[in-house]
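Okay, structure first, notes after.
In my numbering, the protein residues as written are 1 to 455.
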């Protein structure tokens, strides 16, 4: 680090500390809390979501990594090398999310329903060296048993059992991660099942999915080792009209069975149909109320769906553009809205955040670092607003809001952010011994020249 730059950052931080102190905000405590919040980085942009277990197969079904920027990882060893570089540029201690397709089987053919913890030992050894946790994802796509678009909802019992066994195996791998790394793993189950046209009997297909999930979760695994997450999809490129696992279905199932709901920021927009929600809810509710009114198009704020009856939930963050599009994460209004909802509600211990994008039209390491740093900046910004910490530090926010003087609070917060947010972020980077400001970009340029360009 540049000593002169460090000194200037320290001076700016002292000024920021004084300014926020006048509002009753201890920014040392803010940074301490931020440093204990782990964001889960997704591994799959590094190799363009390739299939290391069966490299000739690639991606199919409706799963697509967009773009083909040169320098993708061709092996898991190259992938971990690239991850090492990205992690060295990101402040804090985080987690990595690994898909089942990243198993290392010593060139042997191991099908997904036969995956075992030993096929991920190299990932665990790597994570131990980084003092990181690992999360896990089932890979219910791009397989000969999913060519017709159905997995856990498949009408053929044998096919359905294959995917049930895959999900069971995945939970055991998550349990292994948690035990070896002393950090609970989150195993996410996601499947693309749906129909191009709306089926006559929507309840029947969802009943099959419910029964499949019941079978998957029959074995109890300690939550200290593994937590189960289930997540919806708005639509797919083939089943545009109807997906079996809707948001309402998974919220209902999660609440009833004490599972984590996964909210994916790419899966919310104004096209959701009320009619699609009825059968999902009636699987878990005896009756529902349906209020009928004229619908008006609106822009859906991605952080708006926060089920208050879930103890915890998982949020996958990407940058949706018009539909379910996994673009690299930018520091925009939507991201700041998500962070504000989490920090302002006191949910930092209840929300697990992971990145989930698959845009590989740009440098993959740049996308990782940008996304992770932007998510952390959004959280930092939200935590610096009055009333973003414990009650002992929130007197000023309550005074502004509940005296009705919202303008005063707005003016204070915006003035402070424009003056001090950058200095606090720079100080946080120095705390974690990672590059300050734009210095990390130069390191990626050098890595592009020395490593990626030679692949």
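Idealized CB from N, CA, C, for every residue including glycine.
**Request:** Using only alpha-carbon positions, find the residue among 165, 197, 113 and 208 that is nearest to residue 153.
**Result:** 208
**Request:** Alpha carbon to alpha carbon, how far is residue 263 from residue 303? Give it in angstroms, no decimals.
**Result:** Residue placement at residue 303 cannot be trusted, given a pLDDT of 37 that sits under 50; what the coordinates show is reported in the next sentence. For residue 303 and residue 263, the distance between alpha carbons rounds to 9 Å.
**Asked** Any idea what DSSP makes of residue 227, helix, strand or coil?
**Response** strand
**Span of the alpha helix (DSSP H) around residue 137** = First-last for residue 137: 133-137, but that is the beta strand (DSSP E), not the alpha helix (DSSP H).
**Prompt:** What residues match up with residue 262 in a beta bridge as DSSP calls it?
**Reply:** 231 and 314
**Message:** Pull the bridge partners of residue 41 from the DSSP assignment, please.
**Reply:** 96
**Prompt:** When burial is assigned at 16 or more other CB atoms within 10 Å of the CB, is residue 373 buried or exposed?
**Reply:** buried
**Prompt:** Would DSSP call residue 187 helix, strand or coil?
**Reply:** strand
**Item:** Cβ pair residue 41, residue 331 closer than 8 Å
**Value:** no
**Message:** Between which residues of its own chain and residue 210 is the CB-CB distance below 7 Å, once the five residues before and five after are set aside?
**Reply:** 253 and 283
**Message:** According to DSSP, simplified to helix, strand and coil, what is residue 20?
**Reply:** helix
**Request:** Return yes when the Cβ of residue 241 is within less than 8 Å of the Cβ of residue 198, no when it is not.
**Result:** yes
**Message:** What does the alpha-carbon distance come out to for the pair residue 170 and residue 176?
**Reply:** 10 Å
**Request:** Figure out for me which residue from 418, 438, 383 and 381 has the closest Cα to the Cα of residue 369.
**Result:** 438
**Message:** Taking contact to mean 3 or more Cβ pairs, one atom from each stretch, closer than 8 Å, check whether the region 114-129 and the region 176-189 are in contact.
**Reply:** yes
**Selection from 379, 363 and 361 that minimises the alpha carbon distance to residue 344** = 379
**Asked** Is the region 10-22 touching the region 336-350 in the sense that three or more CB pairs, one from each, lie closer than 8 Å?
**Response** no
**Request:** Can you give me the Cβ contacts of residue 191 inside the same chain, cut-off strictly under 6 Å, excluding the 5 residues immediately before and after it?
**Result:** 140, 151 and 152
**Request:** Give the C-beta separation of residue 376 and residue 329 to the nearest angstrom, bearing in mind that I take them to be a contact with Cβ-Cβ under 8 Å.
**Result:** That pair is no contact at about 11 Å.
**Asked** Which term fits residue 265, buried or exposed, when burial requires 16 or more other beta carbons within 10 angstroms of its beta carbon?
**Response** buried
**Request:** Measuring alpha carbon to alpha carbon, tell me which of 428, 129, 233 and 101 ends up nearest residue 50.
**Result:** 101
**Prompt:** So which of 259, 46 and 342 has the shortest CA-CA distance to residue 363?
**Reply:** 46
**Request:** Go through its chain and collect everything with a Cβ distance to residue 43's Cβ below 8 Å, but skip five positions before and after it.
**Result:** 79, 83, 96, 97, 98, 99 and 102
**Message:** Distance check for residue 123 and residue 104, CA to CA, integer angstroms please.
**Reply:** 9 Å
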